[in-house]
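Here's the structure, in structure tokens; my notes come after.
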Amino acid sequence: MQFAVIGNPISHSLSPILHNYAFKMLGISGFYGRYLLKENQSFYHLRSLHLKGANVTLPFKEIAFNSCDATFGIARDIGAVNTIVFEKGKMLGYNTDALGFYLCIENLAPKNALIIGAGGSAKAIAHLLKQKGIAVTLLNRSKERLKGFKDFECFTFEDFIPKNTYDIIINTTPAGLTNDALPLQKEHLTPIMQSALLAFDLVYGKETPFLALAKSLNITTSDGKAMLINQAILAFEIFMESQSIAFDAKILRKSMQHIL
Numbered sequence: 001m002q003f004a005v006i007g008n009p010i011s012h013s014l015s016p017i018l019h020n021y022a023f024k025m026l027g028i029s030g031f032y033g034r035y036l037l038k039e040n041q042s043f044y045h046l047r048s049l050h051l052k053g054a055n056v057t058l059p060f061k062e063i064a065f066n067s068c069d070a071t072f073g074i075a076r077d078i079g080a081v082n083t084i085v086f087e088k089g090k091m092l093g094y095n096t097d098a099l100g101f102y103l104c105i106e107n108l109a110p111k112n113a114l115i116i117g118a119g120g121s122a123k124a125i126a127h128l129l130k131q132k133g134i135a136v137t138l139l140n141r142s143k144e145r146l147k148g149f150k151d152f153e154c155f156t157f158e159d160f161i162p163k164n165t166y167d168i169i170i171n172t173t174p175a176g177l178t179n180d181a182l183p184l185q186k187e188h189l190t191p192i193m194q195s196a197l198l199a200f201d202l203v204y205g206k207e208t209p210f211l212a213l214a215k216s217l218n219i220t221t222s223d224g225k226a227m228l229i230n231q232a233i234l235a236f237e238i239f240m241e242s243q244s245i246a247f248d249a250k251i252l253r254k255s256m257q258h259i260l
């Protein structure tokens, strides 16, 4: 069985380490790799790779949704897919980002959150937080992307005037992934951060400028590592269920938490 994570860029992804170690510890014959999907390639090209399943990362989660033959759960509600099962020539789409994120902040019991960015991950997080009774505000560079968030309070960088303090500030943009950029200009981001309980960056494996700024303000920080592990466990469960393969859930969780 072959699986992969699809994205651009993709060389930084730790998903293969998580899934391949889980295969090893569970004694399941499977392999999980990376696939760089070029900007001019059709998403339907994935059907020819003979994969049993795939995870999807930036910038293809909404494209994946539009390419699937059917979608399930919160993926259908938000229009973003990060987990695909290939079954009988069809692509079936799911989303494990939302629950994967919520499991990271559940114990904090936040009342509200500010999300920077308006991509697929932002949609997943915003909708699940709303389901949990947490007030959500979206902040994005362009107004066009915010059209997909009609049920939320939304602002562009130019017209944002904070009305509240925010328990959690979440960076869902790729700022800091391959450069030293902040998702929002420092003079605007600093006053928003000062009263936050947590600054959360979906980028993992490095201290981004966003997290470095939060630390300088004595704000608790978290990168996307725990979310990565949580969503990977949920995706692995979907993959194995699609193949009717039984496994020990405790060993799965322990293996993925241990390897990183």
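Sequential numbering from 1 applies to the sequence shown in the numbering used here.
Every residue, glycine too, gets a C-beta built ideally from N, C-alpha and C.
Residues near residue 253 by beta carbon distance below 8 angstroms, same chain, minus five either side: Cβ-Cβ distances below 8 angstroms link residue 253 to 233 in the same chain, with the five nearest sequence neighbours on each side left out; the list follows chain order.
Enclosing alpha helix (DSSP H) for residue 66 [first to last residue]: Boundaries of the alpha helix (DSSP H) harbouring residue 66: 61-67, taken from the DSSP string.
Alpha helix (DSSP H) segments (min. 4 residues) lying fully within the stretch 148-199: Correct list: 186-193.
Where residue 251 sits in the DSSP three-state scheme: In this structure, DSSP gives residue 251 a helical state, which the three-state scheme calls helix.
Every unbroken beta strand (DSSP E) inside the stretch 89-121 [3 residues or more]: Fully enclosed beta strand (DSSP E) runs of 3 or longer: 90-94 and 112-116.
For residue 87, the residue or residues it bridges with in DSSP: Looking at the DSSP assignment, residue 87 forms a beta bridge with 90.
Of the listed residues 40, 145, 241 and 197, nearest to residue 107 (C-alpha basis): Of 40, 145, 241 and 197, the residue nearest in Cα terms is 197.
Check whether residue 155 and residue 140 have beta carbons under 9 angstroms apart: Yes; because the gap between Cβ atoms is below 9 angstroms, this pair is in contact.
Residue nearest to residue 229 in terms of C-alpha spacing, selected from 1, 4, 10 and 17: Ranking 1, 4, 10 and 17 by Cα distance to residue 229 puts 17 first.
Check whether residue 223 and residue 247 have beta carbons under 9 angstroms apart: For residue 223 and residue 247, no; Cβs fall outside 9 angstroms.
Start-to-end residues for the alpha helix (DSSP H) that takes in residue 234: 225-242 is the extent of the alpha helix (DSSP H) around residue 234.
Bridge-paired residues (DSSP) for residue 55: According to DSSP, which records beta bridges pairwise, residue 55 is partnered with 5 and 83.
Contact set for residue 85: own chain, Cβ-Cβ below 6 angstroms, skip 5 residues either direction: Cβ neighbours of residue 85 beyond the five flanking positions: 53, 92 and 242.
With 16 other Cβ atoms within 10 Å as the buried cut-off, status of residue 70: With fewer than 16 other beta carbons inside 10 angstroms of its own, residue 70 counts as exposed.
Three or more C-beta pairs below 8 angstroms linking the stretch 119-135 and the stretch 170-187: When C-beta atoms of the stretch 119-135 are compared with those of the stretch 170-187, three or more pairs fall below 8 angstroms, so the two segments count as touching.
Option in 73, 82 and 74 with minimal Cα separation from residue 67: Among 73, 82 and 74, the Cα nearest to that of residue 67 is on 82.
Whole-number beta carbon distance between residue 3 and residue 32, since they are thought to touch under 8 angstroms: Right, the Cβ-Cβ distance comes to about 4 angstroms (below 8 angstroms), so this counts as a contact.
Residue range of the unbroken beta strand (DSSP E) whose run includes residue 32: From DSSP, the beta strand (DSSP E) with residue 32 extends over 31-36.
Residue 41 versus 55, 64, 217 and 175, residue with shortest Cα-Cα distance: The residue with the shortest Cα to Cα distance from residue 41 is 64.
The stretch 147-166 touching the stretch 125-137, judged by at least three CB pairs closer than 8 angstroms: The answer is yes - the stretch 125-137 touches the stretch 147-166, with three or more Cβ pairs under 8 angstroms.
Closest Cα partner of residue 117 within the set 5, 97, 128 and 175: Closest in alpha carbon position to residue 117, among 5, 97, 128 and 175, is 175.
CB of residue 220 within 9 angstroms of CB of residue 177, strictly: Against a cut-off of 9 angstroms, the Cβ pair of residue 177 and residue 220 comes out as no contact.
Own chain residues within Cβ distance below 8 angstroms of residue 73, not counting five before or after: Same-chain partners within the cutoff: 94 and 95.
Presumed contact (8 angstroms Cβ cut-off) between residue 11 and residue 5, rounded CB distance: About 11 angstroms separates the two Cβ atoms, so there is no contact after all.
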